[in-house]
Amino acid sequence: MANKGGRLFRYADGVDKVLLFLGTLGSIGDGMMSPVNMYILSGALNDYGSSHQSFSNQIVDKYALRLLYSAIGVGISAFIEGVCWTRSAERQASRMRIEYLKSVLRQQVGFFEDLTDSSSTFQVISTVTSDAHSIQDTIADKIPNCLAHLTSFILSLVVAFKLSWRLTLAALPFALMFIIPGLGFGKALMSIGAEMKATYGNAGGIAEQAISSIRTVYSYVAERETLENFSNALQKSMELGMKQGFTKGLLIGSMGIIYAAWAFQAWVGGVLVTEKGENGGDVFVAGICIILGGLSVMSALPNLSFISEARHSASKIFEMIDRNPNIHSENGKEKLLSHVRGEVEFKEVDFSYPSRPETLVLHGFNLKVQAGKMVGLVGGSGSGKSTAISLLERFYDPVNGDILLDGHNIKKLQLKWLRSQMGLVNQEPILFATSIKENILFGKEDASMELVIKAAKAASAHDFIVKLPNGYETQ
597 MANKGGRLFR YADGVDKVLL FLGTLGSIGD GMMSPVNMYI LSGALNDYGS
647 SHQSFSNQIV DKYALRLLYS AIGVGISAFI EGVCWTRSAE RQASRMRIEY
697 LKSVLRQQVG FFEDLTDSSS TFQVISTVTS DAHSIQDTIA DKIPNCLAHL
747 TSFILSLVVA FKLSWRLTLA ALPFALMFII PGLGFGKALM SIGAEMKATY
797 GNAGGIAEQA ISSIRTVYSY VAERETLENF SNALQKSMEL GMKQGFTKGL
847 LIGSMGIIYA AWAFQAWVGG VLVTEKGENG GDVFVAGICI ILGGLSVMSA
897 LPNLSFISEA RHSASKIFEM IDRNPNIHSE NGKEKLLSHV RGEVEFKEVD
947 FSYPSRPETL VLHGFNLKVQ AGKMVGLVGG SGSGKSTAIS LLERFYDPVN
997 GDILLDGHNI KKLQLKWLRS QMGLVNQEPI LFATSIKENI LFGKEDASME
1047 LVIKAAKAAS AHDFIVKLPN GYETQ
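Sequence positions in the sequence shown follow this note's numbering and run 597 to 1071.
Okay, here's the thing in structure tokens:
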């Protein structure tokens, strides 16, 4: 599944494939800019150097027009590159986010109570935001940049070989030396960046916990301890920042290879012009193309690290998307009852929570509630009162036994339909950031205002709601 999940373009449809094809052509055209311009420049230098008369306006106009045509072509290519890759990335990332959240909402409640990182709330939010953004940024920016730089590298060497194959063969090792700092330091910076992200996440978690539990922090006078924990978490980030700065310094310092390459090329080029009779313009531009090729491959390599990271992020997202829940909300095999009387029965039910499978909360539980009857479950904390309601809502399935609605096992009923037949007011209800009316309507969106008021009265909430300044429209 991980291999399958690593495909970045899994959600590319027909339109996206066309956009990706056009974007690839645009990236290739964008990468051709420097080599093509250098090739045009070589002709201008040769004409200027070999002309025994003044450099006429006609010659100037000829090369100026060629450079203008090149600029227009590259401009169009770069525009197509940016539009197509960015648009396709947005389309694919949107589908990915929707499918991811759809899969999350499809999971059973027990999945979110698992203490592993893959099912924690923070991990879910982080994946749908930062990981999806990483994939989108890679498709929109890193891949086209990598293609453009690789095109520039290949075409620069082609132009260099065409203009002066002797100089190119002699100076090619210098161009390949750019790969070492580009690849080595690029990997180091990516590794440090990942560590910094993790340490900042730890520091952010400390701050988030402190703010969300501010009353507890105040009650235990733990402000100083919280600040110390936060400061200690940031200290690791500072150390990594210094390490990152040192690595960047080495990377920038390694650019001195350029000057060594220029010195070598100047010596070899001088020999080729004076002793081998090569054109000075060709030798000069061939040297520039070799340097450009080296810089291009050095610029392309860091993008490969981003692409690898995006593939890893994609594997996590697709692992969730492909995850099948134990309790399916809708698979087409369940049935719906044409009429519900409301008789509920628990028969020899055993249940333990997934996080504590060795502890039975209910053991041989039997209960029958006649339709239309009001029943209260009474017991101490942890005796299973809320558990019985959770089982009736099918947040979980019992380990043993059956739960019946009007004589039908609720496992054989469509889950969404089953839950739509019930009204649930939790002991600590969660309110969404909208009006009271809209919060009540979440249970039945097509309900009339009369039903909304009736539901509020049933929950003993109507009297205080109408006393609010905006009544049911209070945010």
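Every residue gets a Cβ at the ideal spot worked out from N, C-alpha and C, and that includes glycine.
For the alpha helix (DSSP H) that contains F902, what are its first and last residues? G876 to I917
One question on the structure: do T764 and F774 come within less than 8 Å of each other, judged by their Cβ atoms? No; because the gap between Cβ atoms is not below 8 Å, this pair is not in contact.
Is N828 buried or exposed, if buried means 16 or more other CB atoms sit within 10 Å of its CB? exposed
What residue range is occupied by the uninterrupted beta strand (DSSP E) comprising I1026? For I1026, there is no enclosing beta strand (DSSP E), as DSSP marks it with neither H nor E.
Less than 8 Å between the beta carbons of S833 and M786, yes or no? no
What would DSSP say about N922, mapped onto helix, strand or coil? coil
Near V813, which residues of its chain fall below 7 Å by C-beta distance, leaving aside the five closest residues on each side in sequence? By the criterion of a C-beta distance shorter than 7 Å, V813 is surrounded in its chain by A806, E819 and T822, once the five residues flanking it on both sides are discounted.
Nearest-angstrom beta carbon gap, E939 and A967 [assumed within contact, 8 Å]: 5 Å
If you draw a straight line from the C-alpha of G975 to the C-alpha of S982, how long is it? The straight-line gap separating the alpha-carbon atoms of G975 and S982 is approximately 10 Å.
Let me make sure I understand the geometry here. Which of F860, F675, G782 and A794 has the alpha-carbon closest to that of K844? G782
Rounding to the nearest angstrom, what Cα-Cα distance links A608 and Y696 in this structure? 15 Å
Between the alpha carbons of G789 and G1019, how many angstroms are there, rounded? 48 Å
Residues of its chain near R606, where Cβ-Cβ distance is below 7 Å and the 5 sequence neighbours each way are ignored: F914
What would DSSP say about I935, mapped onto helix, strand or coil? Reading off the sequence, residue 935 comes out as His, not Ile. Coil.
Helix, strand or coil, according to DSSP, for D737 in the structure here? helix
For S714, which residues of its own chain have a beta-carbon under 6 Å away from its beta-carbon, when the five flanking residues on both sides are left out? The predicted position of S714 is uncertain, since its pLDDT is 42 and thus under 50; a value taken from the coordinates is nonetheless stated next. Same-chain partners within the cutoff: there are none.
Which of the three DSSP states is assigned to F1038 in this structure? coil
For the beta strand (DSSP E) that E941 lies in, which residues bound it at each end? V940 to F947
Consult DSSP for D998 and reduce its assignment to one of helix, strand or coil. Per DSSP, reduced to three states, the secondary structure at D998 is strand.
Grab me the residues of G625's own chain with a C-beta within less than 7 Å of its C-beta, minus the 5 sequence neighbours each way, in chain order. G669, V670 and S673
For N962, count neighbouring Cβ atoms within 10 angstroms of its own Cβ and tell me buried if that reaches 16, exposed if not. N962 is exposed by the Cβ-count criterion.
In chain order, what residues of the same chain have a beta carbon less than 6 Å from the beta carbon of V965, not counting five sequence neighbours either side? V940 and V971, listed in sequence order.
Comparing alpha-carbon positions, which option in A803, F1060, S623 and L933 lies nearest L830? A803
Please identify the residue among L888, L1027 and G849 whose C-alpha is closest to the C-alpha of M628. L888
Assuming contact is defined by CB atoms lying nearer than 8 Å, are L751 and T620 in contact in what I supplied? no
I'd like the span of the alpha helix (DSSP H) that includes G960, first residue to last. Run containing G960: none in the alpha helix (DSSP H); it sits in the beta strand (DSSP E), L958 to V965.
Residues of its chain near R662, where Cβ-Cβ distance is below 6 Å and the 5 sequence neighbours each way are ignored: I636
Would you call H729 buried or exposed, if buried means 16 or more other Cβ atoms sit within 10 Å of its Cβ? exposed
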